[in-house]
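Okay, so here's the structure we're looking at.
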Amino acid sequence: MMLHNAQIDCRPLTGLQDYLNQVRHRPSTRNVPQLEAALMERAKNSRHRTPNNNDLLEFIGDRAVNLIGALLVEKVKLSKANHKAVRQVICTNDTFGRLAFYLNFHKGAEMDERDAQDVDDWNPLSGVHPPKVLADLFEAYAGAVYIQHGWTKLERWLRELLDPIVMVATGDHWLSSSPQQIFGDPICQKVSHNPSLETTNQGKLLDYIEFKKGFLAKHGQPLLEALPQNVKFSFDTSVWRLRFTSSICASARSSSTCGLDMSKLQPRALISSR
Numbered sequence: 596m597m598l599h600n601a602q603i604d605c606r607p608l609t610g611l612q613d614y615l616n617q618v619r620h621r622p623s624t625r626n627v628p629q630l631e632a633a634l635m636e637r638a639k640n641s642r643h644r645t646p647n648n649n650d651l652l653e654f655i656g657d658r659a660v661n662l663i664g665a666l667l668v669e670k671v672k673l674s675k676a677n678h679k680a681v682r683q684v685i686c687t688n689d690t691f692g693r694l695a696f697y698l699n700f701h702k703g704a705e706m707d708e709r710d711a712q713d714v715d716d717w718n719p720l721s722g723v724h725p726p727k728v729l730a731d732l733f734e735a736y737a738g739a740v741y742i743q744h745g746w747t748k749l750e751r752w753l754r755e756l757l758d759p760i761v762m763v764a765t766g767d768h769w770l771s772s773s774p775q776q777i778f779g780d781p782i783c784q785k786v787s788h789n790p791s792l793e794t795t796n797q798g799k800l801l802d803y804i805e806f807k808k809g810f811l812a813k814h815g816q817p818l819l820e821a822l823p824q825n826v827k828f829s830f831d832t833s834v835w836r837l838r839f840t841s842s843i844c845a846s847a848r849s850s851s852t853c854g855l856d857m858s859k860l861q862p863r864a865l866i867s868s869r
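Using our numbering, you'd call the opening residue of the sequence shown number 596 and step up by one each time.
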């Protein structure tokens, strides 16, 4: 049994799990909406089959959190399949459990003995999923916020909490899916092949550039305007290089052509820069 747990502890972290484990990215407890004492006590009562436990609050919070998560993903979706996949990365017991842990929702909470032991034994820096009771506490707190403060304040709080991790979850999906899965296109019958890692990364990079072309064009325009007017760009597909010509290059070297090796770019770097 101990060997089994040790093997699970070695499970690699996803990008989202690693993001939440970094101190600078952890959610701040200062932004958590405050609750009245009686409602707080109920939200933190996770003991099963006890009076005034948080089952109802958890039910309400589950629906509210999943709806708000779906609305956030709607802003960056590429297709229905992409929307569903990214939403399922965010709206999971793993994500909610980690958020609850870093927001200290488990401190002072009433739990069954087994749940309390599982929380004590769980290592948040590992790839092991947190105990479900943590996700239940997060959803119950969200339900309590809705009851006391209403939808507007709940949505504002969850947007502040979830917005930063939406793009991280999107990055996880980009780096683990094929273009067909991302865009929802039917996969044609082809002869099986194993593309090299470089080819796969280049394909994902081009797909991501296509997806973000509007953003890149808008924010890249000031850079283009800052260049001398005689700078001209061309793309050499034979060597996968972006070439540009200018008087600066000509004076610096005998050839008037400079190049940027696009094959060195990786999708993760582009995603993290966003």
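Just so you know, even glycine gets a beta-carbon here, dropped at the ideal spot from N, CA and C.
Here's the rule: buried if 16 or more other CB atoms are within 10 angstroms of the residue's CB, otherwise exposed. What is residue i?
i	result
Phe810	exposed
Pro725	buried
Asn648	buried
Pro781	Note that Pro781 scores a pLDDT of 43, beneath 50, so its modelled location is shaky; the value from the coordinates is reported in the next line. By the 10 Å Cβ count, Pro781 comes out exposed.
Asp657	buried
Phe654	exposed
Arg637	buried
Lys639	buried
Out of curiosity, what's the CA-to-CA distance linking residue i and residue j?
i	j	result
Arg754	Ile663	8 Å
Arg751	Gly692	20 Å
Pro719	Asn616	7 Å
Gln712	Ala665	33 Å
Val714	Asn626	24 Å
Ala812	Lys702	47 Å
Glu734	Leu757	14 Å
Leu860	Leu822	Annotation note: pLDDT 43 at Leu860 (below 50); position unreliable, no value reported.
Gln824	His814	18 Å
Glu669	Ala659	15 Å
Asn699	Arg619	16 Å
Gln612	Thr690	8 Å
Glu820	Lys675	37 Å
Met807	Gly745	Checking the sequence shown, residue 807 turns out to be Lys, not Met. Answer to the nearest angstrom: the Cα atoms are 35 Å apart.
Lys759	Arg644	Position check: residue 759 holds Pro in this sequence, whereas Lys was assumed. One C-alpha to the other measures close to 36 Å.
Pro646	Glu708	17 Å
Leu608	Gln816	37 Å
Near residue i, what residues of its chain come up, given a Cβ to Cβ distance below 8 Å and the 5 sequence neighbours on each side ignored?
i	result
Lys748	Pro628 and Val740
Gln743	Pro628, Leu630, Glu631 and Leu634
Near residue i, what residues of its chain come up, given a Cβ to Cβ distance below 7 Å and the 5 sequence neighbours on each side ignored?
i	result
Ser641	Asn648, Asn649, Ala704, Glu705, Met706, Asp710, Val728, Asp731 and Leu732
Trp717	Val723, Pro725 and Pro726
Gln683	none
So, using beta-carbon positions, are residue i and residue j closer together than 8 Å?
i	j	result
Val723	Gly610	no
Thr765	Val681	yes
Arg621	Tyr736	no
Val761	Leu667	yes
Leu652	Gly738	yes
So for residue i, helix, strand or coil by DSSP?
i	result
Glu705	strand
Lys827	strand
Asn640	strand
Thr840	strand
Phe733	helix
His724	coil
Lys807	coil
Pro759	helix
Asn626	helix
Gln870	Here the chain covers residues 596 to 869 and nothing more, so residue 870 does not appear.
Pro607	coil
Gly692	helix
Lys670	coil
Gly745	coil
Asn661	helix
Thr687	coil
Trp752	helix
Give every residue of the same chain whose Cβ lies closer than 6 Å to the Cβ of residue i, excluding the five residues on either side of it in the sequence, and list them in chain order.
i	result
Asn661	Cys686
Ile804	none
Tyr614	His620 and Val763
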